[in-house]
Every structure is written in C-alpha cells, then in structure tokens.
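Those protein sequence lines, which keep their order, are chains H and R.
Numbering-wise (the numbering used here), the first sequence opens with residue 1 and increments by one.
Numbering-wise (the numbering used here), the second sequence opens with residue 1 and increments by one.
Note that CB positions come from ideal geometry on N, CA and C, so glycine has one too.
Take a look at the structure below.
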Amino acid sequence: MDVGLYRTVEAMRSNQQRVEIITSNIANADTFGFKRMLHVAHGVQNPAHVQGHSQLVTGTKLDLQQGILIYTGQSLDLALDGDGFFVVDTADGEAMTRAGMFQVSADGVLTGIDGNPVAWDGTRGRIDPNAGDVKVAGNGVVSQNGQSIGRLRLVGIESTNDIEVDSGGHYKLREGKKYTSAEATVNQGFLERANVQTVDELVEMIAAQRSFEMASQTFRMISESYQRLNR
Amino acid sequence: MIRSLYTAASGMKAQQLQVDTIANNIANGNTAGFKKSQLSFRSLLYQTYREPGLQTGANQTDVTGLQVGSGTEVSGSRKLMTQGLLELTGNSLDLAIQGPGFFEVQLPSGETRFTRNGSFRQDAEGRLVTAEGYRMSDGVAIPADSLGIQISAQGEVFSLGPDNVLAPAGSIRVHTFPNPSGLKAMGGNYFSLTAASGQNEAKLAASLGAGEVKQSYLERSNVETVDELVGLIVAQRSYEVNSRAIRVSDEMLSQVTQLVR
C-alpha cells in the first residue's frame, strides 16, 4: 500500500536532480568548451520489489553535441569541430578538454588558461614566445614562421559513458576505458561556445518543476487517504 | 535542492562580473591604445552521486552514472591584444605600433610601464614624455633648435636641424612579451609585467615578432561597441535565466514544506 508514497518521493527526488542538472547547464552557458549534461530517468525492474513496480533511476549523460564556434582572432584560441578532445596534463594526471583558450608560458610551453600544459603527439613542441606568428593547421600541426614544431595530441572516445566530468572543463577516462582516434578539425582563432540552448533548458526546467508539483500533489493525495483510513 | 540555489547564484555572480567588464570596455571605447578585456569562465566541481554500472537486475547494469555540476566561476580575464584601428592625427609625436609590442615608459619612481598609447609630447629638456609626464625609457631627446621630427618604421628618430639636415636623435624600441595577454593593466592605459606575461624583450621595431612604428598615427581602442552591446544583452539575459532558476528551486522547496499539513 505504501509503495505509492515511496514512488512519489522517488519522482520528486528525480525531478529535483533534474533541476540541479539544468541549473548547472544554465550557469555555464557562457563557459567556453562546456558540454551540457542531460538528465535521464528510467524505470528498472528491481527483483526486490513487488512485481509490476519499477524503481526510478536517475542518471546523467554528457551531451557532446558541437558548440557554436565564435571568431576571436587570437592565434592561440583553438576550437575543435567534430568529435575529439585536446589533452592537458593536470596535477592529477591526464585530462581531456574542449576549452581551447591556450597561451604560451615564458619558457615556451603551450598551456591552458589554468596553466596546465597541453599534450603533444610525441615530444612536446616548444613555441618561441618572442618569435611571433604561430599557425595551427586543421590536423593540429603547429608551425611557427613556417617551421613545423609538432602536433597537438587529439583523442577521441568510444562512448560518452566512458568519461566522467571533472571541474574546470576537464574530462577523464573512466577506469579500463581507452581513447580512440579523434575525428575533429582544429580551428585557429576560434573558441567553442557552450552547447547550452537557454530556451531548451528553460523549457526543461519548467517541465521538471511541474513534474515535481504533480508528484508532490500525488504524495498529498495518498497521505490524505491514509488519514481518512485512520479516522 | 539547495544545491541548485547556489549553482544559479554562481551563474548570476559570473554574469555580474561580465557586465562590469563589458561596461569598462564600452567606457574606454575612445581611449587610444586601449585593449579590451574578456572574461573566461570554467565549470565548478562535479559531484558524482553514482558511477555507471549500477546493478539493476540479475544480469542487468545501468550504463549511465549520475554527475551533477555545481555551477560556474570566473577562471580569469585576459586582455585581447588585437590591433586597434590606426587613425591619422597629423601630430608628429603621435606614434602607433602596427603589430605586436609596447612602448616602455619610466615612472618617477623608476618603475617601468608599457603602453600602446603613443600620444607623446616633449618636456622642457626635449625628451619624449607621455601625457602624464612619464619619460620614454629609450631616452630619445630632441634638440631645442629642431625644426621637425621624423620617425621611421624601425623607430629611428631624426631631427631636422636649422641647417636643414636630418640628424639622428636616438631610436625607439618596441617591447614584446611571451604572453602579452598576461600583462597587468595598471590603469591610465599602462601595463606592467607579471609572471604570466614573462620578461619584456626590447626589439628593433619592424623586426621579427615586433610591430612597426607609425608616426602621426594613434591606435584607437580595439573595442567594437556593437560586439560589446550584444555581449551586454547576452549577459543580462543569462542573469535573468539564472535568477529564474533560483525562483523555480525556491518554489519547489516551498512545495516540500507543504507536503504534510
């Protein structure tokens, strides 16, 4: 009999998490290279439960859809078009990122805006910070004054479930998962905007709010019917 | 639920700073040599509620995990060192740099500053100074009896003497940085070097990696008012959407409190 009450609580919790996910997307609508999270809820048959009652499981799925590229004209702003990531070396290991707002440190190392060095294919190329004119080709080959320096490391992934999101726009491979080859072109002088569509998020948010309302109304109805029973 | 309140608040704070930055850019739309600032944001910590692989049945696992982000923060601001439009002023001591680099000036305290605002004048001793009276570090001095000044693209200064002969009067160096976006804006259109910008390198103007000196030109600011206005509108709407998210979270919370009557 009390199964209904628990179900409505599950529904409320799920929609609450849905709002949290949407809010995080909205807050990052101006974060370069940001990828939105999708809320996925589905019922699963749990053998521990009474037949016919499924348990609601809430999950998230990274939406890796391409973001819009905007022109900045900065030679070290790099945007990826297609499936793939840049790789940066962080304090706790390798991470992938789509935020290509790079800079050159005084000793010639290409780093992200947070100072983490960008990974190259093979040996790390050194960009002479005072020699000017850096060109980055679509395949990630970097050259300075016509001289090739090396190639930026680009990686791909098999499925969005293979990676987890870290802070600062970094993504990490989950244990036991492997990189595949990237299928992306590098666009120099561009940055990739977040793939968040505010309108979609607002609609989602209202839908979540109403679902939450319905669940809470149902909760009240059930609990009131208990009250009548007890009278 | 409380989480999304803070998440949305982080978004509002970020947009507030965005508006501040844009307002400063617009206010300096007519400042010679001004370089606009751009904020960049990054996502905050993601909380992993659940890893993928939850056992949902005898031989059934869930492939999705549950990760919720906690908002955004400003990761930094950078100066966009793109070229501003060069405007002909006709004043022989107005200098602009076309390409990368800065003029170096010395404060009375002996500290050095860098600027792209080349609106120079002469002091009583004939030295080139900025509008504030800071001397150019290159020590170019124009003789008192000079009839005119010519400055080449390489930054060499020539003074036209009373005998109608051009005599060299020093040269102006262009200072470049490994990472000019890392310079610290000190107000008054001056920059100072930081660990992020790296050491300055005095270069001959128009040499490899250094811009050329244009006499009688001033560099306008690189602010495009239209772009800034669009940015302002976007920031305002983002702010609204974030505040809307706060309202929704609040309404949902109030529903929770009404669950049991």
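Continuous beta strand (DSSP E) stretch holding residue i: start and end
| i | result |
| --- | --- |
| N187(H) | 183-188 |
| A99(H) | No beta strand (DSSP E) contains A99(H), which DSSP labels as neither H nor E. |
| Q98(R) | 94-98 |
| E87(R) | 86-88 |
| T176(R) | 173-176 |
| E104(R) | 103-106 |
| I151(R) | 148-151 |
| Q60(R) | 60-62 |
| A79(H) | 78-83 |
| E156(R) | 156-160 |
| G115(H) | Counting along the chain, G115(H) falls outside any beta strand (DSSP E), and DSSP gives it neither H nor E. |
| G69(R) | 66-69 |
| F34(H) | From DSSP, F34(H) is part of no beta strand (DSSP E); its letter is neither H nor E. |
| T48(R) | 46-50 |
| V136(H) | 134-136 |
| Y190(R) | Here Y190(R) belongs to no beta strand (DSSP E), and DSSP marks it neither H nor E. |
| F114(R) | 112-115 |
Start and end residues, alpha helix (DSSP H) containing residue i
| i | result |
| --- | --- |
| L17(R) | 2-27 |
| R247(R) | 225-257 |
Assigned secondary structure, residue i (DSSP; H/G/I helix, E/B strand, else coil)
| i | result |
| --- | --- |
| G150(H) | strand |
| S143(H) | strand |
| E164(H) | strand |
| I21(H) | helix |
| F219(H) | helix |
| T180(H) | strand |
| M81(R) | coil |
| G59(H) | strand |
| S225(H) | helix |
| Q197(H) | coil |
| D209(H) | Before going on, a small fix: residue 209(H) reads as Gln here, not Asp. If DSSP states are grouped into helix, strand and coil, Q209(H) belongs with the helices. |
| G4(H) | helix |
| L39(R) | strand |
| S181(R) | helix |
| G169(H) | helix |
| V203(H) | helix |
| E73(R) | strand |
| R13(H) | helix |
| I70(H) | strand |
| A27(H) | helix |
Same chain only: Cβ atoms within 8 Å of residue i, ignoring 5 sequence neighbours per side
| i | result |
| --- | --- |
| A192(R) | Sequence check: residue 192(R) is Ser here, not Ala. So the list reads E111, T112, R113, F114, L183, K184, M186, once near-sequence residues are dropped. |
| D77(H) | G100, M101, F102, Q188, G189, F190, L191 |
| S77(R) | T21, S37, Q38, L39, S40 |
| V57(H) | A41, H42, G43, V44 |
| S216(H) | T8, M12 |
| Q67(R) | Y46, Q47, T48, Y49 |
| L229(R) | I26 |
Contacts around residue i, its chain only, beta-carbon distance under 7 Å, and the 5 residues preceding and following it disregarded
| i | result |
| --- | --- |
| L88(R) | S216, Y217 |
| R193(H) | F32, G67, I68, I70 |
| L17(R) | L39, V74 |
| P129(H) | V104, A106, G108 |
| V141(H) | S148, R151 |
| S43(R) | G69, T72 |
| V85(R) | Sequence check: residue 85(R) is Leu here, not Val. The answer, listed in chain order, is R220. |
Spatial neighbours of residue i in its chain, beta-carbon cut-off 6 Å, leaving aside the 5 residues before and after
| i | result |
| --- | --- |
| A202(R) | R173, H175 |
| T123(H) | none |
| Q264(R) | Residue coverage of chain R in this structure runs from 1 to 261, which leaves residue 264(R) outside it and unanswerable. |
| Y190(R) | R113, T115 |
| G73(H) | G189 |
| A182(H) | G84, L154, V155, G156 |
| A206(R) | A153, Q154, E212 |
| K177(H) | D162 |
| V63(R) | P52 |
At 3 residues or longer, and completely inside the stretch 195-219 of chain R: list those beta strand (DSSP E) runs for me, N to C.
-> Runs of the beta strand (DSSP E) inside the stretch 195-219 of chain R: 201-204, 212-215, 217-219.
Residues within the stretch 80-114 of chain H neighbouring chain R, beta-carbon criterion of under 9 Å = Along the stretch 80-114 of chain H, the positions whose C-beta sits under 9 Å from a C-beta of chain R are A99, M101, Q103, V104, S105, A106, D107, G108, I113, D114, read in chain order.
Which residues, in chain order, does the stretch 223-244 of chain R contribute to contact with chain H at a C-beta distance below 9 Å?
-> The residues in question are V234, A235, R237, S238, V241, N242, R244.
Residues within the stretch 139-167 of chain H neighbouring chain R, beta-carbon criterion of under 7 Å | So the close ones are N161, E164, V165, D166, S167.
Residues of the stretch 246-257 of chain R with Cβ closer than 9 Å to any Cβ of chain H, in chain order | So the list reads I246, V248, S249, E251, M252, Q255, V256, given in the order they occur along the chain.
Using a Cβ cut-off of 9 Å, which residues of the stretch 195-212 of chain R contact any Cβ in chain H, in chain order?
-> Answer in chain order: A195, A196, S197, G198, Q199, E201, K203, L208, G209, A210.
Note down, in chain order, all residues in the stretch 204-222 of chain H with a beta-carbon under 7 Å from any beta-carbon belonging to chain R.
-> Those residues of the stretch 204-222 of chain H that come within reach of chain R (Cβ to Cβ, closer than 7 Å) are M205, Q209, F212, E213, S216, F219, R220.
Residues from the stretch 4-29 of chain H in contact with chain R, defined by Cβ distance under 9 Å | Residues of the stretch 4-29 of chain H with a C-beta atom less than 9 Å from some C-beta of chain R are M12, N15, Q16, Q17, V19, E20, I21, I22, T23, S24, N25, I26, A27, N28, A29, listed in chain order.
Just by C-beta distance, which residues in the stretch 138-150 of chain R are closer than 9 Å to chain H?
-> If the cut-off is 9 Å between Cβ atoms, the stretch 138-150 of chain R has nothing near chain H.
Taking any Cβ of chain R, which residues in the stretch 54-83 of chain H have a Cβ under 7 Å from it, in chain order?
-> Cβ contacts with chain R: V57, T58, G59, T60, K61, G73, Q74.
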